[in-house]
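Residue numbers for the sequence shown follow the UniProt record's numbering, so the first one is 1 and each next one is one higher.
Even glycine gets a Cβ: it sits at the ideal position worked out from N, Cα and C.
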Amino acid sequence: TETTDGKLSVWAVGVRGKGILSMAAVPAWNNQADTEYDLDSVWDTERATRLNANGKRDVVQAEFFDMGEFGNGQTLPQPVSDVDGFTYPYADVLFLPCWRWTPAFSSGQTTGPAGHTIYRMEASVAAGTGVVTTAIGYRSGASSTTATTDGRVRVFAFCFRAGLTITGTTAFTDVNGANLASGKKMNDKNMVEVNQSIKFAALRPEYFLTTQAHGSTVPLPTSPVDGYTYARSELVYMAIRQDTSNPGSIGSLLTLHGFVRQDTGVVTLNTFYFVQGGSQTNTNNGTLRVITIGLRSDDVVTDSDPGGATGGGTGSDGSIDSTIISGGGIVLLRNPDFESGDKNWSKGAGFTIENDPANAYDGNWVAKHIGAVAGSLSNSVTFAAAEGDVIMASVFFKTSGGATGNGSILISWLDIGKVLISSSQRFLSAPRASFTLLRKVASAPPNTAFVNIRLLVDGTVSGDWFFDPVNAAFFPIDLDDVPDGTREAFIDGTEHTEAVDGAGRARSGLDTSGDLARNILIARATS
């Protein structure tokens with residue numbers, strides 16, 4: 001029986017400027033110490049040339065390619081950049097093969113052996129050679145099996161150029177392009193920030209490959225370039241079924257189901273079999289091939305640059321009003337899952353940020369409120385927004401110790417001077433024995449320029465409250481979900497009475513004036 005059963009996970013990979021960007025030569029990378037710009041004569045030809053080359057390198061440091069469709073024994077060509085003509089060695093490439101069909105590779109789709117069912121599927125690409133391997137195992141009746149090299153896969157290439165050396169402070173700062181305008185005196189601070197931002201952009205994104213089985217957790221990767229350890233909220237997982245494994249005599253494939261939870265990295269694999277004339281067997285057989293995409297939202301600071309007398313320049317904890325595009329949405333907060341420790345949050349009465357794995361939703365760190373006192377926890381970032389932008393803020397929380405009272409998440413709308421215009425708030429009451437989602441969706445009122453996210457507990461609280469993680473994102477509007485008039489719909493169908501214009505615009509708030517700033521922005525968006 002032929003059906004249209006099944007459900008696909010679909011990833012959209014945006015490549016900004018695809019088919020438009022071009023460079024006359026392959027840009028080299030020169031690690032630039034911040035102390036190069038801690039001088040009275042910052043803008044000499046040599047330093048400016050190196051900085052410009054690094055900005056160009058950012059644009060092509062990480063690239064993505066659709067390689068086409070292949071079968072067993074075929075060799076994938078080395079990817080070639082359409083921006084600067086660079087040919088990637090296989091060592092710089094991670095391949096992700098996705099199943100196209102199971103019959104033999106040919107110019108047209110064919111069927112498998114008559115009267116047979118499939119008991120095993122395998123697909124892989126050799127890391128050093130690009131050679132494709134596919135294998136389909138067929139079963140006839142209850143026991144007779146045939147191993148073949150059938151199968152056709154579509155292959156995608158994740159490329160990251162070697163030769164990148166980065167030392168010193170790696171940080172993103174939204175430098176106003178007006179500070180780099182003709183006729184305006186250059187200053188050390190701005191040039192150090194540009195240098196650090198170029199380093200940051202070169203490492204965003206990074207790609208990591210693992211093979212995972214059911215029940216495993218995709219590990220938090222560490223950058224081989226600068227040693228940065230990623231937080232869970234900075235990762236996106238792309239996964240395909242690499243092998244269903246050999247089931248032995250328990251039957252042929254009946255159902256395949258598998259995924260990686262984007263919020264926790266936990267792997268689920270369900271592989272169900274059926275024996276003709278017999279029974280169904282449910283297993284967790286098989287493995288996933290997982291590409292982890294790292295999109296860092298924090299800065300790396302070291303004490304000094306090699307050879308530098310004064311070290312790494314400005315630190316990483318300065319104000320970043322307009323933050324960072326990330327996979328799975330837009331990361332608008334600093335340290336949203338608290339895994340960077342007690343930083344980037346302003347703590348009011350009763351609030352702490354602690355290493356407490358037993359009470360964390362994920363990881364080790366959690367925000368905690370104890371005692372019968374009203375308090376607030378505010379993120380250190382105010383991010384750019386405009387009238388009509390729709391913001392979704394959320395947090396998971398739970399309580400213990402006979403907790404009572406109300407907790408809430410609050411979106412503060414600020415004008416250009418960062419003066420409060422109004423707030424949008426959502427409450428949930430205790431007790432909550434397990435983590436419960438508290439979410440608020442609201443649209444920015446007139447004159448909005450910035451937004452801040454805050455957690456609150458009111459004066460009626462008691463017991464222990466735990467919050468982990470906090471998230472905020474520009475929220476796209478589905479007009480089918482919006483009732484008539486100016487009322488806005490929650491995902492769960494409830495409504496609140498804040499005006500919304502239906503635009504759902506998502507803004508980064510970045511000033512892209514100047515060639516260097518454009519190079520940095522394009523590099524950050526090419527992922």
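Apart from the five residues just before and just after S279, which ones in its own chain have a Cβ nearer than 7 angstroms to its Cβ? Within the sequence shown, numbered from 1, the residue matching residue 279 stands at position 279. Excluding sequence neighbours, S279 sits near nothing in its chain.
Let me see if you follow: with CB-CB separation under 9 angstroms, is I240 close to chain B or not? Among the protein chains of the structure shown there is no chain B, as only one such chain exists.
From the DSSP output, which residues share a beta bridge with W29? Stepping through the sequence shown from its first residue, residue 29 is reached at position 29. In the DSSP assignment, no residue is bridged to W29.
DSSP three-state label for L51, please. Here residue 51 corresponds to residue number 51 of the sequence shown, with the count starting at 1. Correct three-state label for L51: helix.
Within 10 angstroms of its Cβ, does E46 collect 16 or more other Cβ (buried), or is it exposed? On the sequence shown, residue 46 is found 46 positions in, with the first residue counted as 1. Counting Cβ neighbours within 10 Å, E46 comes out exposed, since fewer than 16 surround it.
Thinking just about the alpha-carbon of each residue, which of T268, S252 and Y138 is nearest to the one in G277? Here residue 277 is taken as the residue at index 277 of the sequence shown, counted from 1. Of the candidates T268, S252 and Y138, the one whose C-alpha sits nearest the C-alpha of G277 is S252.
Closest Cα partner of W11 within the set T283, F105, F272 and F259: Residue 11 sits at position 11 when you count from the first residue of the sequence shown. Among T283, F105, F272 and F259, the Cα nearest to that of W11 is on F259.
Rounded to whole angstroms, how far is the Cβ of R454 from the Cβ of S412, which I believe are closer than 8 angstroms? Residue numbering aside, residue 454 sits at position 454 when the sequence shown is read from its first letter. Residue numbering aside, residue 412 sits at position 412 when the sequence shown is read from its first letter. Right, their Cβ atoms sit about 6 angstroms apart.
What three-state label does DSSP hand E63 in the structure shown? The residue you call residue 63 lines up with position 63 of the sequence shown. It is a strand residue.
If contact is defined by three or more beta carbon pairs under 8 angstroms, each pair taking one atom from either stretch, is the stretch 46-64 in contact with the stretch 132-145? no
A239 beta carbon less than 9 angstroms from that of L288: If you number the sequence shown from 1, residue 288 lands on position 288. If you number the sequence shown from 1, residue 239 lands on position 239. In this structure, A239 lies closer than 9 angstroms to L288 by Cβ.
In the structure shown, what three-state DSSP assignment does N359 receive? Within the sequence shown, the letter at position 359 stands for residue 359. Here N359 sits in helix by DSSP.
Which residues share a DSSP beta bridge with H369? For the purposes of this step, residue 369 is taken as residue 369 along the sequence shown, with counting starting at 1. In the DSSP output, where bridge partners are listed per residue, H369 has F351 and W465.
Can you tell me whether S443 is buried or exposed? The criterion is at least 16 other CB atoms within 10 Å of its CB, across all chains shown. Counting from one through the sequence shown, the residue named residue 443 turns up at place 443. Under this definition S443 is a buried residue.
Could you tell me which uninterrupted beta strand (DSSP E) segments, each at least 3 residues in length, are contained entirely in the stretch 380-448, listed from first to last along the chain? 390-404, 406-414, 420-429 and 436-443
Residue span of the alpha helix (DSSP H) that contains V260, given as start and end: As a working mapping, residue 260 is identified with position 260 in the sequence shown. V260 -> not in any alpha helix (DSSP H); beta strand (DSSP E) instead, spanning S252 to V260.
So, do the stretch 415-433 and the stretch 365-374 have three or more beta carbon pairs nearer to each other than 8 angstroms? By the Cβ rule, the stretch 415-433 does not count as touching the stretch 365-374, because fewer than three pairs are nearer than 8 angstroms.
So, under 8 angstroms CB-CB, P469 and P336 are touching, yes? Tell me the CB distance rounded to an integer number of Å. For the purposes of this step, residue 469 is taken as residue 469 along the sequence shown, with counting starting at 1. For the purposes of this step, residue 336 is taken as residue 336 along the sequence shown, with counting starting at 1. Rounded, the Cβ-Cβ distance is 5 angstroms, consistent with contact.
Out of A360, V155 and T170, state which residue places its alpha-carbon closest to the alpha-carbon of W101. For this step, residue 101 is matched to residue 101 along the sequence shown. Looking at the Cα atoms, V155 is the closest of the given residues.
Name the two residues that bound the continuous beta strand (DSSP E) containing F158. To locate residue 158, count along the sequence shown from 1; it is residue 158. Per DSSP, F158 belongs to the beta strand (DSSP E) from R152 to F160.
I166 in three-state terms, based on DSSP: Taking the sequence shown and counting its residues from 1, one reaches residue 166 at position 166. The answer is coil: DSSP assigns I166 none of H, G, I, E or B.
Taking the alpha-carbon positions, what's the G128 to P27 distance? What you label residue 128 is simply residue 128 of the sequence shown in a count that begins at 1. What you label residue 27 is simply residue 27 of the sequence shown in a count that begins at 1. For G128 and P27, the gap between their C-alpha atoms comes out near 25 angstroms.
Within the same chain, show all residues whose beta-carbon is closer than 6 angstroms to that of N359, passing over the 5 residues directly before and after it, in chain order. Working through the sequence shown from its first residue, we reach residue 359 at position 359. Excluding residues within five positions, the ones whose Cβ falls inside 6 angstroms are V366 and F466.
So A472 packs on I353, CB below 8 angstroms; how close in whole Å? Taking the sequence shown and counting its residues from 1, the one referred to as residue 472 is at position 472. Taking the sequence shown and counting its residues from 1, the one referred to as residue 353 is at position 353. Contact between A472 and I353 does not hold, since their C-beta atoms are separated by about 18 angstroms, which reaches or exceeds 8 angstroms.
Check whether the stretch 113-120 touches the stretch 192-209, taking contact to mean three or more Cβ pairs, one atom from each stretch, closer than 8 angstroms. no
Would you call the CB atoms of A202 and S297 closer than 9 angstroms? What you label residue 202 is simply residue 202 of the sequence shown in a count that begins at 1. What you label residue 297 is simply residue 297 of the sequence shown in a count that begins at 1. No; because the gap between Cβ atoms is not below 9 angstroms, this pair is not in contact.
Are S223 and E234 closer than 9 angstroms when you measure CB to CB? Translated into positions along the sequence shown, residue 223 becomes position 223. Translated into positions along the sequence shown, residue 234 becomes position 234. No, these two residues do not count as a Cβ contact at 9 angstroms.
Going by the beta-carbon positions, is the gap between F338 and A385 smaller than 9 angstroms? As a first step, residue 338 is located in the sequence shown; it is residue number 338 there, counting from the start. As a first step, residue 385 is located in the sequence shown; it is residue number 385 there, counting from the start. Contact flag unset, no.
Bridge partners of N282, per DSSP? Reading the sequence shown from its first residue, position 282 is the one you call residue 282. Paired residue(s): F272.
K199 and A171 closer than 9 angstroms at C-beta: Start at 1 with the first residue of the sequence shown, and residue 199 comes out as number 199. Start at 1 with the first residue of the sequence shown, and residue 171 comes out as number 171. The answer is yes: Cβ separation under 9 angstroms.
Determine the closest residue to V131 out of P77, A33 and D389, with distance taken between C-alpha atoms. As a first step, residue 131 is located in the sequence shown; it is residue number 131 there, counting from the start. Among P77, A33 and D389, the Cα nearest to that of V131 is on P77.
Do you know whose CA, among D243, K398 and S400, lies nearest V125's CA? Walking along the sequence shown from the start, residue 125 turns up at place 125. With distances taken between Cα atoms, V125 lies closest to D243.
Taking the straight line between their C-alpha atoms, what separation do you get for P221 and F272? Position 221 of the sequence shown, counting from 1, holds the residue named residue 221. Position 272 of the sequence shown, counting from 1, holds the residue named residue 272. Straight-line measurement puts the Cα of F272 at about 32 angstroms from the Cα of P221.
Which residues DSSP lists as bridging L288, in chain order: Here residue 288 corresponds to residue number 288 of the sequence shown, with the count starting at 1. Per DSSP, Q212 and R241.
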